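First the structure, in the form of structure tokens, and then the observations on it.
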């Protein structure tokens with residue numbers, strides 16, 4: 002019984018010591034407003050929101066030991082820079098979170114190795130780059146440029162140009178107004194409610210786009226995934242949809258067909274599904290392979306092309 006009491010006592014003491022060593026430190030600073038905020042974290046998460054018009058407020062919590070971690074805050078004429086400096090080699094046990102409020106017109110430049118970034122309610126440009134962290138943007142009125150090696154990207158209610166590149170993460174976006182260019186090496190791309198021109202390309206993921214109101218030419222392609230596009234209004238823009246080994250589907254969602262339509266598939270391995278009769282059909286030989294090409298036209302208008310090497314291409318009313 003005595004041994005049991007001693008064991009429990011030492012476990013309790015150890016828990017208190019460990020808890021104390023991981024207790025969160027806090028740092029709170031306020032700076033005059035700057036045109037740009039630049040923040041670079043190693044593994045820390047960051048949340049940036051609209052605050053007062055005349056100041057930038059920084060609230061930092063962290064559990065790293067003081068002798069291995071130094072938060073840096075540098076105010077210059079046109080920029081406030083925040084970053085994490087670590088001392089020594091090897092792993093650093095702990096975590097950090099930056100919570101920052103800025104004037105609505107402050108441009109943001111965010112980068113992180115493995116931390117996540119969330120940015121809300123700004124009327125300015127946002128640039129973000131992560132190695133494995135996720136990025137979430139909502140209610141941004143400005144151009145957006147994001148690069149991620151393996152993190153996911155979430156965009157909602159963006160009014161401005163959007164440029165995103167993902168190596169292996171997934172992209173989900175809704176309610177975008179502006180020119181959109183997104184590329185992914187192996188992740189899935191899902192876009193809803195796009196108003197503007199749009200280019201979406203992925204090497205091995207699927208493309209799923211709905212609620213499109215095109216205001217410029219559109220290109221949608223996947224090397225080995227499916228491509229599915231649903232329009233929200235009448236279309237007067239050129240479109241190209243293609244997949245090397247997946248299916249391709251274009252849904253006009255009740256809108257009338259207008260312009261010239263061309264379908265290309267492998268004669269031996271592909272298929273074409275179309276609700277109207279074709280005006281023209283031909284076969285094009287490429288060595289031992291044959292490409293089947295069918296087309297029809299409905300008055301003057303845009304050129305729309307659907308292609309798949311070994312999948313099915315489908316046009317829906």
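Numbering (the working numbering), first residue to last: 2 to 318. Positions of the beta carbon are idealized from the N, C-alpha and C atoms, including for glycine. Quick caveat, the model's predicted, so the values are computed rather than measured.
Residue 161 is not a Cβ neighbour of residue 188, given a cutoff of 8 Å.
CA-to-CA, the gap between residue 291 and residue 268 works out to about 6 Å. In the structure shown, the three-state DSSP call for residue 81 is strand.
Nearest neighbour of residue 313 by Cα position, chosen from 129, 287, 275, 286, turns out to be 275. Residue 120 and residue 32 have their alpha carbons spaced roughly 19 Å apart. Within the DSSP secondary-structure output, residue 172 pairs in a beta bridge with 154, 190. Listed in chain order, the non-local C-beta contacts of residue 71 below 6 Å within the same chain comprise 86, local neighbours out to five positions each way being set aside. Contact check for residue 216 against residue 235 fails: the beta carbons are separated by 8 Å or more. Secondary structure note for residue 76: its beta strand (DSSP E) is the uninterrupted segment 70-76. Among the bridge pairs identified by DSSP, residue 276 is matched with none. Taking the Cα of residue 115 as reference, the smallest distance to any Cα among 27, 286, 151, 54 is reached at 151.
In the DSSP assignment, residue 284 is bridged to 293.
Residue 201 has 183, 221 as its beta-bridge partners, per DSSP.
Residue pairing of residue 118 in beta bridges, as defined by DSSP: 47, 136.
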